[in-house]
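To convert, take the position in the sequence shown, counting from 1, and add 2; that gives our numbering.
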Amino acid sequence: MITSSNYRQLNALDDEKGSGRWSRCATAAVVSSFCVMAGMANAADSAGCEGGGFTVLNRKAPQDLDVAANTIPSVITVRGKYVEFDIDANTFAVRNYVLTGAPNPADITGGVRTDVFQSKVPDHKGLFLNSAVELRLRETELVIQREGPGLTMKVQAKDCAQGGIFQMEVERDDQARTLFTHTLAPSAFYFDNRKFREREGATLSYKDTTVVVTPRVNFANDVSRKFVGRDSPQVADRVPHPECTNSIATRTGRPVDVQHCGGVSQWLVASGGRMGQVMGEDSVEVAPPATVCTRKCQAQNRVRGQAVVLGFPFPVAEPDRLKPRSPTIPLR
């Protein structure tokens with residue numbers, strides 16, 4: 003049994019009082035008046051983010067400003083020491099999420115530039131973003147937000163060797179759910195984590211309580227034995243695809259069907275909900291799901307090495323790799 007040497011800390015990127023333009027609440031049909039966590043989990047300790055920091059719209063930290071709409075390019079490039087990605091200005095779809103492999107003791111790439119996600123695309127059903135861009139840069143942290151008629155999108159990220167936390171948040175005036183499609187880079191793949199299957203149903207310690215091990219779908223590659231991550235939803239439901247049905251062996255000897263594709267996942271996200279990712283140790287630890295903040299969200303949910311890290315097998319066995327890579331009938 004290995005316990006995490008790292009801790010998760012939600013860094014409050016909203017203003018110090020938890021109110022103002024960076025603190026936005028949403029009302030969804032399925033959830034009454036909630037505010038999604040404005041902070042982000044720091045998967046690495048401070049050394050894992052050393053020297054990190056993003057350049058966005060030719061600006062570096064510290065920044066807290068509105069960038070005029072008529073100066074925004076069609077693609078907003080986000081470049082950090084450890085993390086890079088692009089944002090489509092009128093939808094806030096994210097493309098080409100990469101870990102650079104820059105030297106750091108917490109590196110999970112093996113020092114190799116590593117493509118992670120090809121794209122993360124929200125379907126806004128015809129809505130678009132056209133306002134000024136609200137930009138906030140603090141040391142290694144980024145919050146970027148834009149609005150349009152009936153729509154608000156926010157992207158939050160952290161520039162760390164393990165990837166830090168990354169999340170996309172959506173709000174719609176009509177409260178409709180938004181379909182997000184995550185497409186992994188060709189070198190990465192989703193898999194049913196055998197380390198979790200072997201312990202499924204077991205009760206493990208967590209802080210001053212316990213948590214039951216449930217199945218876990220992660221993503222990995224065949225290059226680095228430390229490269230691992232998972233999708234991280236909040237107020238969101240994954241869309242199962244029957245054409246991506248995989249028979250997975252369990253410790254009882256009875257196989258179970260897992261309806262998950264190998265290179266694509268789709269999620270229906272409530273207005274005010276979010277879709278993100280967790281990388282490194284935090285993606286293979288046994289901990290409760292993220293809580294939903296209701297008001298004035300501040301730093302909380304600190305793990306501080308109190309969660310059991312089950313890890314993942316490397317290389318991942320072929321029977322545990324989910325197939326096919328994409329659904330034959332994508333949800334629209």
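Virtual Cβ for every residue (Gly too), placed ideally from N, Cα, C.
Query	Result
Please report the residue range of the beta strand (DSSP E) in which K197 lies.	Unbroken run through K197 is the alpha helix (DSSP H), 196-199; no beta strand (DSSP E).
For the beta strand (DSSP E) holding Y99, just list the boundary residues, first then last.	96-101
Determine the closest residue to M277 out of A49, S234, Y208, V100, with distance taken between C-alpha atoms.	S234
Mind checking E245: buried by the 16 CB within 10 Å criterion, or exposed?	exposed
Could you tell me which residues DSSP pairs with Q158 in its beta bridges?	V145, Q169
Compare the beta carbon distance of A190 and V118 with 9 Å and say whether it is the shorter of the two.	yes
Give the secondary structure of R304 by DSSP, where H, G and I count as helix, E and B as strand, and everything else as coil.	Low confidence applies to R304: its pLDDT is 42, below 50, so where it sits in the model is not reliable, and the reading given next is rough at best. Note: R304 maps to coil in three-state DSSP.
Please confirm if the segment 193-202 is in contact with the segment 72-87, defined as three or more CB-CB distances below 8 Å between the two stretches.	no
To which residues of the same chain is S328 closer than 7 Å at the C-beta, ignoring the five residues directly before and after it?	C263, G265, V266
Roughly how many whole angstroms lie between the Cα atoms of N220 and A104?	23 Å
Can you look up S121 in the DSSP assignment and give me helix, strand or coil?	strand
How far does the beta strand (DSSP E) with G128 in it extend, from its first residue to its last?	Per DSSP, G128 belongs to no beta strand (DSSP E) and is neither H nor E.
Is it buried or exposed, P151, if we count other Cβ atoms within 10 angstroms and call 16 or more buried?	exposed
Do D68 and A134 count as a contact pair if the criterion is CB distance below 9 Å?	yes
In whole angstroms, what is the alpha-carbon distance linking I250 and E320?	11 Å
Buried or exposed, going by whether 16 or more other CB atoms sit within 10 Å of the CB of I110?	buried
Please tell me whether P124 and V172 are closer than 9 Å, where the distance is taken between their beta carbons.	yes
Give the DSSP-derived three-state secondary structure of P244 in the structure shown.	helix
Please name the residue in T116, A238, G53 whose C-alpha comes closest to that of R140.	G53
Mapping the DSSP letters down to three states, classify N223 as helix, strand or coil.	strand
What are the boundary residues of the beta strand (DSSP E) that includes S133?	Where S133 is concerned, there is no enclosing beta strand (DSSP E), given that its DSSP letter is neither H nor E.
With C-beta atoms as the reference, is L144 less than 9 Å away from R138?	yes
What is the residue span of the beta strand (DSSP E) that R81 lies within?	77-81
Count the other C-beta atoms from every protein chain shown that fall within 10 angstroms of the C-beta of G50, then say buried if there are 16 or more, exposed otherwise.	buried
Quick check on T73: buried or exposed, where buried means 16 or more other Cβ atoms within 10 Å of its Cβ?	exposed
Where does the unbroken beta strand (DSSP E) through R253 begin, and where does it stop?	From DSSP, R253 is part of no beta strand (DSSP E); its letter is neither H nor E.
Using a 10 Å radius around the Cβ and a threshold of 16 neighbouring Cβ atoms, would you call V114 buried or exposed?	exposed
Just to check my reading of the structure: R253 and E200 have Cβ atoms closer than 8 Å, yes? What is that Cβ distance to the nearest angstrom?	6 Å
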